[in-house]
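Top to bottom, those sequences are chains A and B.
So the first sequence is numbered by my numbering: it starts at 236 and just counts up by one.
So the second sequence is numbered by my numbering: it starts at 1036 and just counts up by one.
Note that the Cβ used here is the ideal one computed from N, Cα and C, for glycine as well.
If you're wondering where the values come from, they're calculated on a predicted model, not measured in any experiment.
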Amino acid sequence: MDHAAAPAVTLTLPQLGWIPALPLLAFTLLLFFGRRLGRFSPWVAVAALAGALGITLSLAGTVFHGHRVAVSWAWLSADAPVWSIGLSVDGLSWLMLFVVTSIGTMIALYSMGYMHGDPRLSRFFAYLSLFCASMLLLVLADHFLLLYVGWELVGLCSYLLISFWFEKPEAAAAGRKAFITTRIGDTGLLLGILLLFWTAHELHFSQLDAVRAHLSPGLLTLISVLIFLGAAGKSAQIPLHVWLPDAMEGPTPVSALIHAATMVAAGVYLVARTLPLFTPESLQIVLTIGLLTHLFAGTVALTQTDIKRILAYSTLSQLGLMMVALGLGAAPLAMFHLGTHAFFKALLFLGAGSVIHAAHAQELGQLGGLRKTMPWTAALFFIAAVSMSGLFPLSGFWSKDAILLAARHDHPWLLWVLLGGAAMTTAYIFRVYLRCFEGTAKDHHGATPHAHESPMIMVLPMAMLGLGAIGAGLAGSPWLHHPLFRLLGETHVHEGVDVPILAWSTVAAALGLGLAWVVGVQQRYLLPPALRPLGSQLYRLAANKYYVDELYDRFLIRPFLDLARGLAGFDQRVIDGAVNGAGRVGWGLGELKAWFDQAVVDQLVNGLARTVRGAGATLRWIQTGIVQQYLFVVVMAVVVLSALLRR
Amino acid sequence: MPVQSLLLLSHALFCLGIYGILTRRHAIGLLLSIELILNAAALNFVLFSRAFGHVQAQAFALFIIALAACEAVVGLAIIIRLSRTAKTVFADHVDLLKG
């Protein structure tokens, strides 16, 4: 504990800026020269991410000694301190940095194999680099405004990458759905930030404790709930979860990086970062939402048949678990689970991608017996599945059991609920494993027999992630004296392995495994006949995802579209009618004026001209040009006048 | 010599001049007719000066003679220019002012 006692020092390191700048540079390069770089373009992205990983690792020593690393540039010099671009690294953001850069590098490597031959290869890696740059900016930001910039940028990248294969209408629709649904949460976050700035005039994360002392509890609750709304949108918590399963239309490496390991975890990171603002009431909301999502997504995952969708619901469920930990006020535990989850869930997705790449199928019914043809993928998927099930002593065990421990400490009943969730986790993930890799190869569709092991460039990153899935949890284990928790600033941690928890979670995992084998693979009924109608009803409910999409469609989207259609009708009939009517009146008036102009004014002018011309024509015969005739007229006039004037 | 008969003479001269100026086509003829009119006027002046005993009026007759000389000069100059530019000296061949 001597490290924690050491006074925290803030070091200024300008090279911090390179962490987001390197992927941004790669993005710029790929955007402008991607076509020329061709199949070398992936290496640009990989090199940038590896560089960012290198800088992150070089900071490790400083951060593990409890110091902060920070750098800031002036942005707007209005009312000073708020308006600067400030990056800072403490334990919390270092952990996220490490997760993003290491998993990002691995997934970029993997994508080289997975996306091989795609016509928009360089565009894919450009988006991937932009995503990493934005995510790193989000993590490094030391105040809300910069975080929000990164927050929106990752949302944009998520949209771009989900609808990467926009030729598929489902992918385009999924991208739109993700963007719009997360926008709802983002609006909440923006409102929260504005409210915080309006009331406290402070957006720096380092000042949140002071802000908490300054604001009234009611205001704090409002602000924190708004911030949590943003987090719930990004982390796909109920009721904003609907976009994540659809987001699986994107390329699988994207699902692994954005929709499993990093971006969806940004919500958890945000809550962990702003935890000082959360009052007991808002923590209660976080806990409730997290728990609901955990159980809801777990039950849905049990019934789905598309492997990527199962993994998506599993991600939802695990994010719910992290939210539960946050709701208990234990940010380090949530961040610990975030880290381990990133490794094993990315590995699961990459395994699924490897299966899809090899077998060109992602329905459980079309897969089977792949372990013989794809031994590496099978082994790594198995490791990740075991890790997620929380079996001793893999990564998932340490993080999940830490949360169970905290739950038992605060609310004993919660322990049992979470153990039920853990059993479900094991059941659905082993249902996938057993039906994909074990059993006999399916021969219809001709898909599975042609399967082959994925190329080295895909297996190697998976193996690296496998090491993480096995060993990452040790960083938070009592065996190494919890270096991770010290990093995150947690001083009092449970020393030693808690044996009852270990026993119970193993029992839960075994129960889930048995359930997966008996119900998921052998398809046997466990319920007594009397309860079967109820059971099948519940099953149908879960298989249809509790009809949430249909509810949204019925009560939000359809009325909204009806309203829009009604307004469009109003626009066409009333407003267009008025405009057209005004136009028609003007047109008629114009016609009238034109008629008056032609009939009256023109006739007057023409008549005058005609009169003048006629007079001229009749008078011109007088002008003969012969002088003597003029003179004759003069003489005659004199004669006549003198005769008339005679007195 | 009675005034009356002289007055008749001057009127006859004047009417001859008017007739000439209205009927002659040749430009020189026109000038000659104008001379007749002018001389009719001069004769009138002289005649009335004798009749009423105004000697001053006879000065006007001298003025008219001088005026007639000037008029003849200008008129002849016009006729020469006319014959050079329009190649004619007949008044009714010149109708540039015809409307």
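- Following the DSSP letters along the chain, one finds Thr675/A in no beta strand (DSSP E), marked with neither H nor E.
- The straight-line gap separating the alpha-carbon atoms of Leu375/A and Pro764/A is approximately 57 Å.
- Taking a Cβ-Cβ cut-off of 7 Å, the neighbours of Gly860/A in chain B comprise Asp1130, Leu1131, Leu1132 and Lys1133, given in sequence order.
- At a cut-off of 9 Å, the C-beta of Ala1126/B has a neighbouring C-beta in chain A.
- Rounded to the nearest whole angstrom, the C-alpha separation of Trp253/A and Ala285/A is 12 Å.
- In terms of Cβ geometry, Leu602/A and Ala614/A do not form a close pair [threshold 9 Å].
- Distance from the CA atom of Ser470/A to the CA atom of Ala501/A, rounded to whole angstroms, is 7 Å.
- Against chain B, a Cβ distance below 8 Å from Val870/A picks out Ile1053 and Leu1057.
- Uninterrupted beta strand (DSSP E) stretches at least 3 residues long and entirely within the region 293 to 378 of chain A occur at 303 to 309 and 319 to 324, given in chain order.
- Leu866/A reaches chain B at Ile1056 and Leu1057, counting residues in chain order whose Cβ is nearer than 7 Å.
- In this structure, DSSP gives Asp541/A an extended state, which the three-state scheme calls strand.
- Ranking Arg793/A, Glu387/A and Trp714/A by CA distance to the CA of Gly465/A puts Glu387/A first.
- Annotation: the continuous alpha helix (DSSP H) that includes Leu769/A extends over Arg767 to Ala778.
- One alpha carbon belongs to Ser337/A, the other to Gly708/A, and they sit about 15 Å apart.
- Ranked by how close their Cα comes to the Cα of Thr434/A, the residues Pro354/A, Arg418/A, Val809/A and Leu455/A have Leu455/A in first place.
- Using a Cβ distance threshold of 9 Å, Leu561/A and Leu530/A do not count as a contacting pair.
- When DSSP states are grouped into helix, strand and coil, Phe401/A belongs to the coil group.
- For Leu380/A, the closest C-alpha among the options Tyr349/A, Gly420/A and Ile428/A is that of Ile428/A.
- Of the residues Val298/A, Val334/A and Thr416/A, the one whose Cα lies closest to the Cα of Ile792/A is Thr416/A.
- At a beta-carbon threshold of 9 Å, the residues of chain B lying near Gln863/A are Ile1056, Leu1057, Thr1058, Arg1059, Arg1060, Leu1065, Ala1126 and Asp1127, ordered along the chain.
- Judged by pairs of C-beta atoms under 8 Å, the region 352 to 359 of chain A does not touch the region 293 to 300 of chain A, as fewer than three such pairs exist.
- Taking a cut-off of 8 Å on C-beta distances, the region 655 to 665 of chain A touches the region 733 to 744 of chain A, as three or more cross pairs fall below it.
- In this structure Ala305/A touches Leu322/A by the C-beta definition: roughly 7 Å separates them, less than 8 Å.
- His592/A sits in a helix when the DSSP states are folded into three classes.
- The secondary-structure analysis by DSSP pairs Thr245/A across a beta bridge with Arg303/A.
- Across the structure, Val535/A and Asn779/A are spaced so that their CA atoms are roughly 8 Å apart.
- Bounds of the alpha helix (DSSP H) holding His449/A are Leu443 to His449.
- When secondary structure is reduced to three states using DSSP, Glu598/A falls in the strand class.
- By the C-beta criterion, the region 387 to 407 of chain A is judged not to be in contact with the region 436 to 454 of chain A, since fewer than 3 inter-stretch pairs fall below 8 Å.
- DSSP places His1061/B within a strand segment (E or B) once states are collapsed to three.
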